[in-house]
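Peer 1: In my numbering, the protein residues as written are 183 to 527. We put the beta carbon where it would ideally sit given N, CA and C, even for glycine.
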């Protein structure tokens, strides 16, 4: 490309046709030799840290920060944090009345959680709110799947797809590049013993109303942030289409190339720096259940597990999974965690 015209007059070294100094004249190139200069970074890009520029002490926290927005201090600090950490799991519209995967009781749970936050805001040092975050092509959504004999067929919500179904061709991934993974995933999920692969109604799609936080809690959280001059920590989970994240701390089957699907030990350590962590949200049978189990499994040995508290009146089970919620509560009591209510704590 030609140089932009300048306002300076030509010198003996230049002419109207361009450069006449042989040393300065660019050598002619063949058409295939042209290599455009790399684009200059924008100001925003200049502010981004380079991957290798972080001190070694911070590098282990980078996966933890990959899906955490506004909670950097939780995963980079080491000092004790006085007060409570309120961990609210997936308090989103799609799990409330009118949502695609509504949990009976979620509206009342949300109202009690919001009231608890307003009443105890001066004792709460950190608020962590997790957000189930999916795309239509997620492995647990109908659009991921097709029948081998009918590419237009999709599984109905609540269909359970086993590894044998995939081997038999009853269902397969629509994307040919993911078909081997789909079988591997189903096998690993079954081997884990916690879940079979259940196809859920599309829910918590990024950018939709269903993904947004239910209004009462959203307003209470923002008021807490304004009053205390603090930032709510938002933890996105479930964004990788290849795996499910019932726990907010790890995927059911970690994906090797995605560090955000591995156990978020740095965030658990940050939460454990508080005097207590108070847990609630949706649903008691699923995401609250397995998030708190992961939390307790990685809880520091020098802290009592009684510092992990479940607000039992601020979480409800998915219909048909009430037994799982009861087993979870029994597990908490046996593990030494605290089961309480928003009024009693």
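Would you call residue 404 buried or exposed, if buried means 16 or more other Cβ atoms sit within 10 Å of its Cβ?
Peer 2: Exposed, because fewer than 16 other Cβ atoms sit within 10 Å of the Cβ of residue 404.
Peer 1: Sort out for me which residues DSSP pairs residue 610 with in a bridge.
Peer 2: What is shown of the chain runs 183 to 527, which leaves residue 610 out entirely.
Peer 1: Going by beta carbon distance, what residues of the same chain come within less than 6 Å of residue 230, once the five residues before and after it are set aside?
Peer 2: For residue 230, the pLDDT reaches just 44, beneath the cut-off of 50, and the residue's location in the model is therefore unreliable, leaving the point undetermined.
Peer 1: Within the continuous alpha helix (DSSP H) that includes residue 374, where are the two ends?
Peer 2: Unbroken alpha helix (DSSP H) run through residue 374: 361-374.
Peer 1: Among 307, 273, 300, 303, which one has its Cα closest to the Cα of residue 291?
Peer 2: Comparing Cα-Cα distances from residue 291 to each of 307, 273, 300, 303, the minimum goes to 273.
Peer 1: Compute the Euclidean distance between the alpha carbons of residue 475 and residue 362, then round it to the nearest angstrom.
Peer 2: If I take the Cα positions, the gap works out to 30 Å.
Peer 1: Counting C-beta neighbours from all protein chains within 10 Å, is the total for residue 216 16 or more, i.e. buried, or is it exposed?
Peer 2: The predicted model places residue 216 with a pLDDT of 49, which falls under 50 and marks its position as unreliable; any figure quoted below should be read in that light. So residue 216 counts as exposed.
Peer 1: Take residue 294 and list the residues in its own chain whose beta-carbon comes closer than 7 Å to its own, dropping the five residues that flank it on each side.
Peer 2: These residues qualify, in order along the chain: 495, 496, 524.
Peer 1: Take every Cβ of the region 500-520, pair it with every Cβ of the region 481-492, and state whether three or more of those distances are shorter than 8 Å.
Peer 2: Yes, the region 500-520 is in contact with the region 481-492.
Peer 1: How big is the Cα-Cα spacing for residue 338 and residue 374?
Peer 2: For residue 338 and residue 374, the distance between alpha carbons rounds to 24 Å.
Peer 1: Taking 8 Å as the CB-CB limit, is residue 439 close to chain C?
Peer 2: Judged by its chain identifiers, the structure shown contains no chain C, having just a single protein chain.
Peer 1: By a C-beta neighbour count over all protein chains shown, 10 Å radius and 16 as the cutoff for buried, is residue 301 buried or exposed?
Peer 2: The residue is exposed, with fewer than 16 neighbouring Cβ atoms inside 10 Å.
Peer 1: Just to check, is the beta-carbon of residue 314 closer than 7 Å to a non-hydrogen atom of the ligand COA?
Peer 2: By its list of ligands, the structure shown contains no ligand whatsoever, and the ligand COA lies outside what it can speak to.
Peer 1: For residue 455, count neighbouring C-beta atoms within 10 Å of its own C-beta (all shown protein chains included) and say buried if the count is 16 or more, exposed if not.
Peer 2: Looking at its Cβ environment, which holds 16 or more other Cβ atoms inside 10 Å, residue 455 is buried.
Peer 1: Thinking just about the alpha-carbon of each residue, which of 323, 313, 430 is nearest to the one in residue 384?
Peer 2: Answer by Cα proximity: 323.
Peer 1: At which residues does the alpha helix (DSSP H) containing residue 307 begin and terminate?
Peer 2: Unbroken run through residue 307 is the beta strand (DSSP E), 306-314; no alpha helix (DSSP H).
Peer 1: Does DSSP put residue 524 in a helix, in a strand, or in coil?
Peer 2: Residue 524: coil per DSSP, three-state reduction.
Peer 1: In this structure, does DSSP put residue 476 in helix, strand or coil?
Peer 2: In the structure shown, residue 476 sits in a helix (DSSP, three-state: H, G or I).
Peer 1: Over what stretch of residues does the beta strand (DSSP E) that includes residue 264 continue unbroken?
Peer 2: Segment 263-271, the beta strand (DSSP E) holding residue 264.
Peer 1: Just tell me which of 350, 502, 448, 467 has its CA closest to the CA of residue 477.
Peer 2: Answer by Cα proximity: 448.
Peer 1: Grab me the residues of residue 269's own chain with a C-beta within less than 6 Å of its C-beta, minus the 5 sequence neighbours each way, in chain order.
Peer 2: Cβ within range, chain order: 310, 459, 461.
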